[in-house]
Amino acid sequence: MTVEQPGRDPLARRLPAAPGAPFPPVPRTATVVGGGIAGLAAAFGLAERGVRVRLIEPAAELGGRVRSWKVESESGAVTMSRGFHAFFRQYYNLRALLSRAGDPHELLVPVDDYPVLSSNGDRDSFAAIPRTPPWNFISFVARSRTFSLAGLSRVDLDAALSLLDVDFPRTFRDHDGVSAAEFLDRLRFPDRARHLALEVFARSFFADPREFSAGELIAMFHSYFLGSAEGLLFDVPRDDFDRTLWGPLGAALERLGVERITAEVQRVECESGDVDAAANRAAAGTDGEGSPFADPARREWRVVLDDGSRLAADGVVLAAGPAATPRIVAASPDLGDSVWRRRMSDVRLAPPFAVWRIWTDAPVEAARPAFLGTAGFGPLDNVTVLERYEEGARRWAEAHDGSVLELHAYALDGTNGAVGADGVDREALRSALREELGRVYPETRRLSIVHEELLVERDCALVGTEPWDERPEVTTPESTVKLAGDWVRSALPIALMERAATTGWTAANELLREWGVAGHDLWSVPTRARHDWPGAARRIKRKLRRGTRS
Ligand SMILES: Cc1cc2nc3c(=O)[nH]c(=O)nc-3n(C[C@H](O)[C@H](O)[C@H](O)COP(=O)(O)OP(=O)(O)OC[C@H]3O[C@@H](n4cnc5c(N)ncnc54)[C@H](O)[C@@H]3O)c2cc1C
1 MTVEQPGRDP LARRLPAAPG APFPPVPRTA TVVGGGIAGL AAAFGLAERG VRVRLIEPAA
61 ELGGRVRSWK VESESGAVTM SRGFHAFFRQ YYNLRALLSR AGDPHELLVP VDDYPVLSSN
121 GDRDSFAAIP RTPPWNFISF VARSRTFSLA GLSRVDLDAA LSLLDVDFPR TFRDHDGVSA
181 AEFLDRLRFP DRARHLALEV FARSFFADPR EFSAGELIAM FHSYFLGSAE GLLFDVPRDD
241 FDRTLWGPLG AALERLGVER ITAEVQRVEC ESGDVDAAAN RAAAGTDGEG SPFADPARRE
301 WRVVLDDGSR LAADGVVLAA GPAATPRIVA ASPDLGDSVW RRRMSDVRLA PPFAVWRIWT
361 DAPVEAARPA FLGTAGFGPL DNVTVLERYE EGARRWAEAH DGSVLELHAY ALDGTNGAVG
421 ADGVDREALR SALREELGRV YPETRRLSIV HEELLVERDC ALVGTEPWDE RPEVTTPEST
481 VKLAGDWVRS ALPIALMERA ATTGWTAANE LLREWGVAGH DLWSVPTRAR HDWPGAARRI
541 KRKLRRGTRS
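When the count follows full-length UniProt numbering, it moves up by one through the sequence shown with no breaks and lands on 550 for the last residue.
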């Protein structure tokens, strides 16, 4: 990674790589388990430093929860994906990964606005808001109908201060045991503002605010609003995820000599010496005696695949997501100690979510934005009009004079009528989403669906209120086994795709450090408040007290 500033924020923080040799002094091999963002970052981080890498992923496409794939429709092949994703400009380490596929400015296109609509008619917009704090927040509050002066005067200053006066990771620890909902109650934000601006944030983490960590909510508020000058707008891939991002990244990995194996990892075993060299050479496609996979004297890990084959490696990165990684650890008694194994078994999943993509026989109105966040519309959390930015969808929409729409519903937990005792009722969910879409975009009531793809999954982590220090982190009790993923703790105010990328690079860096090899620089939004908020709050409080006395 470069040492040049990665975005426009001069206060973005560089986290310099540990120094070391440019390449391993003795050949090293690593197995990366999982081909999502975290696994890809780890694979690049290791392979670019001369480590022999195997990447194991069961799906045909890379990208994990940001994967896309072809499906057959009545009108030919179309693309389905795991759902719309916003690539924010402060996702520095994710963008460093994407740069391995090409210039991120060419791979991604900006989305000009990201309106949020509430069922009571409130509508907020992030276009035309300055990007530099605190003007971004002041301008948002001044423009937003959800923040009235009367409402603002009721805000609890002490709680508001903890939203502003941050210092990560201390701020995460300070909010151990507090949920986002409790924090919002303390804050006494005007109801409408609370609903629109902050609950929408919590739901984007697939969680009910009552279950979701206050520290994470504060980190996001800092990272998008008050802590970063990159702004609140985001970019999206120019075409489907596979064609734009993961296909080219897969090709770049291949050029680096990374071996991709389509398989599911069952468990990891630890053994010294006695390597099944023949199996490893066969899997690696190398027969030569010089293969780094064939050194029988080295203490090694063996990664066991679903077909029973066992692949040896000096280091392992477990990046199989929050559902599969704890399962792999549970099946691998050689790994870790009892405290760590208990923490791994405590990893929780958020409730199921749905992505419903529909192809319609007529277009939505031309003024409909690419992406609309919604609040108070039953299970519906957002609506995307894909032909606004995705090449393939644009071609389909033009050819069929229709639209390609995507509807998301998060935290399907029984409160929205779409979940029965035995899980998500897909028919009820479809009809609720269709109904709500009609309320949001009335013209869709007249449209017919010519093709649809509904995906209901439960594979996102729930970052709950448990102590921050007890969440699994990149390092494990095993010096050469690392974790990576969006569910893995980071001291930085980051989440989701950026946490996946950052922990992936970090896992690579940690293995490289073990082997005396230089790591990769990382970047973060500032980890502390940009302004003297405590001083400002003290001054405001003094004024308010004087005002009450007079
Ligand atoms: C609907 C939706 C919308 C989202 N929107 C956004 C957004 O707008 N912005 C944002 O930043 N984030 C968003 N996210 C979150 C984002 O998708 C994740 O943070 C990110 O993709 C996590 O990457 P990961 O590599 O940690 O995990 P994953 O992507 O889950 O990768 C894990 C990989 O491991 C593989 N695997 C599983 N089991 C095994 C096994 N036994 N052996 C080998 N491999 C295995 C899986 O197939 C998968 O490819 C969204 C998520 C969803 C579901």
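Built from N, CA and C at the ideal position, the CB exists for glycine as well.
- Beta-bridge partners of R302 (DSSP): E269, A312.
- At a cut-off of 7 Å, the beta-carbon of F353 counts as near ligand 1: some heavy atom of the ligand is closer than that.
- Taking the C-beta atoms as reference points, T465 is found no nearer than 8 Å to L492.
- Contact between A320 and V265 holds: CB atoms are separated by about 7 Å, below the 8 Å threshold.
- Taken atom to atom, the span from the alpha-carbon of L447 to that of V385 is near 14 Å.
- Per DSSP, reduced to three states, the secondary structure at V383 is strand.
- One alpha carbon belongs to T29, the other to V383, and they sit about 44 Å apart.
- The alpha carbon of Y410 has as its nearest neighbour, out of V141, E106, L349, G34, the alpha carbon of L349.
- R173 has its alpha-carbon roughly 7 Å from the corresponding atom of D469.
- Note that the stretch 26-45 touches the stretch 318-338; at least 3 beta-carbon pairs, one per stretch, sit closer than 8 Å.
- Annotated three-state conformation of T503 is helix, per DSSP.
- If you compare the alpha carbons of P379, G250, R445 with that of D425, the shortest gap goes to P379.
- Every alpha helix (DSSP H) stretch that sits fully inside the stretch 166-228 and reaches 4 residues is listed by chain position as 170-174, 180-187, 200-203, 214-221.
- Following the DSSP letters along the chain, one finds F44 inside the alpha helix (DSSP H) bounded by residues 37-47.
- With respect to the 8 Å criterion, R499 and D486 are classified as neighbours on the basis of their beta carbons.
- In this chain, the alpha helix (DSSP H) harbouring D158 covers 157-164.
- For R14, the uninterrupted beta strand (DSSP E) run begins and ends at 13-15, by DSSP.
- Within the same chain, Cβ atoms closer than 6 Å to the Cβ of H222 are found at V166, P493, the five residues on either side in sequence being excluded.
- Cβ atoms of G402 and A375 stay farther apart than 8 Å, at about 28 Å.
- Judged by DSSP in its simplified three-state form, D235 adopts strand.
- Per DSSP, the beta-bridge partners of I261 are I56.
- Under the DSSP assignment, W515 falls outside any beta strand (DSSP E); it carries neither an H nor an E label.
- Using a Cβ distance threshold of 8 Å, Y92 and G36 do not count as a contacting pair.
- Linking D521 to R154 through their CA atoms gives a straight-line distance of about 44 Å.
- Secondary structure note for W340: its alpha helix (DSSP H) is the uninterrupted segment 338-345.
- In this chain, the alpha helix (DSSP H) harbouring G321 covers 321-330.
- No heavy atom of ligand 1 is found nearer than 7 Å to the CB of G7.
- Distances between the C-beta of A313 and the heavy atoms of ligand 1 are all 7 Å or more.
- Beta bridge pairing from DSSP links G373 with V116, N382.
- F84 is the residue among S144, E216, F84, R67 whose C-alpha sits nearest the C-alpha of Y389.
- Contact between the stretch 433-453 and the stretch 302-318 is not established, with fewer than three Cβ pairs separated by less than 8 Å.
- Inter-residue distance for A397 and E72 is about 16 Å (C-alpha atoms, whole angstroms).
- Here R458 has A323, L349, A350, P351, P352, F353 as same chain residues with Cβ atoms under 8 Å from its own Cβ, once five neighbours each way along the sequence are excluded.
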